[in-house]
Amino acid sequence: MKFLPYEDVPLYLAVNGKDGEYIFAENATLSVNQPLSISRQIDDNILQICEYGFGVDMNYTATNFTENSDFFVTLGPTDGPPRPLATSIRKIEKDSKITFPNGKHLYFSEDIYPDGHNYVIPLHAKSGNWNLTEGEAQSGYFEPLYKYVSSGPVEGKLNVNFYPNTGNLHNFFNITGLSDPNAYPPVDEERVTGFLGDFTFDNIYLTSFSFSLSPNAISQATASFNVYGALNHIDGLTDNYFSSNLYDQQSVPHGQNSEIIGTTDLDMDYPISFNYSMNVDRAVRYEAPNINSDSTVGLVPQRVSKKSSNISLSVEGEYINPDILSDGFNGKEANIKIILKDLNYQGFEDNSNNILNTFTCSGVITSQSLSVGSNGYLNGSINISQSIQ
Amino acid sequence: MVDNNAVLNYEQSFYLSGILLSGVVNIDGGYSIQESPINIIGQGYKYPVRNGNLVGTFNISRYYIGQDPILNYTGDHTISGSINYQNKNFGFIDGYLTEYSISAGIGRIPVSNSSIVVYGDIGSGINASGNEPHPDIQIPNQGSISLNCEHYQTNRVTEFSYTLRIDRNPIYKIGSPFPVQVDRQFPIFQEAAFSLDINDAEATKIQEYLISPKQQDISIQFNNPINENEIETIEIKNARLLSQSFNSTSEDLLTLDLVYNGYINKK
């Protein structure tokens, strides 16, 4: 294994069953995690000696230990009944120390994996000519390794920073897009598959898409996907993936020529920064797994449906209209259109397409703010929200 | 004109907003463009894209030979300028004065340096020539300059400099490569530095600053040595004496350098 440079790590995405694209992305992050919680039982780290040797009459008799001696003890309260080690413990390692009151110590003689039947266990005394009183023998503390249990499904995130191209946004980046144009009802819940380098995934779903614009600056978009199930590594998957026509994108969006239309109606003539985002809430449905099976049932969702989708937009400029939010009780409508453009070079191969893509937000103004600081200006900002499903 | 394959110094002239400027010693101007490479995962470099504002600079050094017309541009008015040579020119429009300094010493003509930031167009083919009148030529010397720094009455002031720094704040909007508004960023900074040959001057202890900082109004007045008419007066109100340093060398006199700072507010 070695570190791979970024130019050898492609990101490929496709709607399930369709042709995909190598993504014109600057960076991508893929993560998977599993929520786990520790399983504990009351007093599962307290060792009680009921009787030395194999329990017979459950009558504790203090016994002098011999230096470097191994012996068995029966666990449980002084007068019984015997009680095994707790099954919340995954493992007790050999030589783990058991601390009794008054500076007295015993040790586990071997590795123990509690299975619910460990009534008698081997212990070890490192020094001799001492014993445990009946009370002391009931209070030995030790540090086991505990079991952990899953408290939720295996999920992850794929975050991609990429440059939108000319033409329509790819379906896998478009929350309102349809991979099947004839789908009815017109809602797309199809999963997205792909790979990042040699790591493949086949159950990811778009949750957000956003981009921002600033004057005289390159604009990038960000897409976030929820990842379900496991990642797979296929050795050599991308060793020979490259050919010269995989990345034919010639333009990237830029703030120099891009337009925001509609802010003048909000009394804002000079938009200086802008954010646009589409988000979708998803409901994930799992089938209960069969605990006697090693299948992936329960690991991968049966269906990931869309709940609500929203577009939100914020724009910052030189002014806000103080009457906007006091006009009425149903919200002030706002219609904003964003035309993403490249640098529109003339007689040049790259960045000469002018218009790349158009986005709209027809919603209501949900908030406005004014801010000013020393060495700055009074800036106004407006937030607009549109519910689309 | 002789075809000498070079443009000699006497074949160049500099116009500042229509004034043919005299006394110019040195001019440099130009621009640089910031580009970022588009590097993508899975491939690497694709092409470069501009990622920054279009900004140029011009620096002018000239003898102080009378009222300096560039001091008319300490406000929000824009400056144009061009170097004209052999029916060609290299110039700029929509420039703003960002720094002006003047320095003088015994036995030499005062020199001024101006820095201009350009938010408009800059390059060849931009001509700022015109017929605006040049201010009268009046060359001050050490006898016609008066000032009032600490210890000036009993110690010889041998050199001084004055600097005015005006930071400019351009505001760009989405969809335009040029700023929609350019403002001075207040406060405007002033600095005056004096060098004295020591007679009885002493530097105050640094800890005295904690109790009583040195503060005074500073003025530097340039007069015409022939008729003693005032050419220009520079003032720093409530200037704070912030730096004092002694200089002792084996080959020269003991000197004391004083630096004052001041600020000009908008209101």
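Residue numbers (my numbering), protein chains in the order written: chain A, 3 to 391; chain B, 11 to 277.
For each residue, glycine too, the CB sits at the ideal point set by N, CA and C.
Keep in mind it's a predicted model, so treat the numbers as computed, not measured.
Ranked by Cα distance from Tyr8 of chain A, the first of B:Ile51, B:Phe204, B:Val35 and B:Ser124 is B:Ile51. For the pair Tyr129 of chain B and Pro180 of chain B, the CB atoms are nearer than the 9 Å cut-off.
Distance from the CA atom of Lys20 of chain A to the CA atom of Gly349 of chain A, rounded to whole angstroms, is 36 Å. Arg287 of chain A and Phe197 of chain A have their C-alpha atoms some 24 Å from each other. Annotated three-state conformation of Ile326 of chain A is helix, per DSSP. Secondary structure note for Tyr57 of chain B: it is in no alpha helix (DSSP H), and the uninterrupted beta strand (DSSP E) holding it is Gly54 to Arg60. The stretch 58 to 66 of chain B and the stretch 36 to 45 of chain B touch, with three or more beta-carbon pairs separated by less than 8 Å. Ser111 of chain B and Ser122 of chain B have their C-alpha atoms some 5 Å from each other.
Here Ser245 of chain A carries a coil assignment [DSSP, helix/strand/coil].
Within the DSSP bridge table, the entry for Lys339 of chain A names A:Ile263 and A:Thr362 as partners. Within the stretch 265 to 288 of chain A, Tyr272, Pro273, Ile274 and Phe276 place their CB atoms closer than 7 Å to a CB of chain B, listed in sequence order. Only Tyr57, Val59, Arg60, Asn61, Gly62 and Asn63 from the stretch 57 to 75 of chain B bring a Cβ to less than 7 Å from some Cβ of chain A.
Distance from the Cα of Tyr249 of chain A is smallest, within the candidate group A:Asn281, A:Pro166 and A:Val189, for A:Pro166. Taking 8 Å as the upper bound for CB-CB distance, Lys343 of chain A and His256 of chain A are in contact here, some 7 Å apart.
Annotation: the stretch 145 to 173 of chain B contains the following complete segments of the beta strand (DSSP E) (minimum length 3 residues), in chain order: 155 to 157. Neighbours of Val190 of chain B in chain A, taken as residues whose beta carbon is under 8 Å from its own, are Tyr272 in chain order.
In the same chain as Pro120 of chain B, and ignoring 5 residues on each side of it, the C-beta atoms closer than 8 Å to its own belong to Tyr73, Tyr74, Ile112, Ser113, Ala114, Pro150, Ile155 and Phe232, in chain order. Within chain B, no C-beta atom comes less than 8 Å from the C-beta of His235 of chain A; the nearest is roughly 17 Å away.
Of all residues in the stretch 162 to 183 of chain B, only Ile181, Tyr182 and Lys183 come within less than 7 Å of chain A when Cβ atoms are compared, listed by chain position.
Legend: CB atoms of the stretch 14 to 48 of chain A lying less than 7 Å from CB atoms of chain B belong to residues Tyr24, Phe26, Ala27, Glu28, Asn29 and Ala30. For Ala225 of chain A, same chain residues with a beta-carbon under 6 Å away, outside a window of 5 residues either side, are Val162, Phe175 and Phe211 in chain order. Per DSSP, the unbroken beta strand (DSSP E) holding Ile181 of chain B starts and ends at Arg178 to Ile181.
The DSSP assignment places 106 to 110, 122 to 127, 150 to 152 and 157 to 164 as complete runs of the beta strand (DSSP E) inside the stretch 105 to 182 of chain A, in order along the chain (cut-off: 3 residues). With contacts defined by Cβ atoms closer than 9 Å, Tyr270 of chain B and Phe188 of chain B do not form a contacting pair.
With a threshold of 9 Å between beta carbons, Gly54 of chain B makes contact with chain A. Across the set B:Ile93, B:Gly33 and B:Asn237, the C-alpha of B:Ile93 shows the shortest separation from the C-alpha of Gly140 of chain B.
One finds Ile48 and Val59 in chain B with Cβ atoms closer than 7 Å to the Cβ of Val254 of chain A, taken in chain order.
Listed in chain order, the non-local C-beta contacts of Gly28 of chain B below 6 Å within the same chain comprise Gly140 and Glu142, local neighbours out to five positions each way being set aside.
Using a Cβ-Cβ cut-off of 7 Å, Gln258 of chain A is close to Pro187 of chain B, given in chain order. For the 9 Å CB-CB criterion, Ile367 of chain A and Ile341 of chain A do not form a contact.
Identification of residues in the stretch 184 to 215 of chain A having a C-beta nearer than 8 Å to some C-beta of chain B yields Leu215, given in sequence order.
Taking the beta carbon of Asn353 of chain A as reference, the chain B residues within 8 Å of it are Tyr57 and Val59, listed in sequence order. At least one C-beta of chain B is nearer than 9 Å to the C-beta of Val11 of chain A.
By the criterion of a C-beta distance shorter than 7 Å, Leu107 of chain B is surrounded in its chain by Ile80, Tyr83, Thr84, Ile89, Ser124, Ile126 and Ile176, once the five residues flanking it on both sides are discounted. Checking the DSSP bridge columns, you'll see Asn47 of chain A has no partner listed.
Counted as a single uninterrupted DSSP element, the alpha helix (DSSP H) harbouring Leu220 of chain B occupies residues Glu218 to Ile221.
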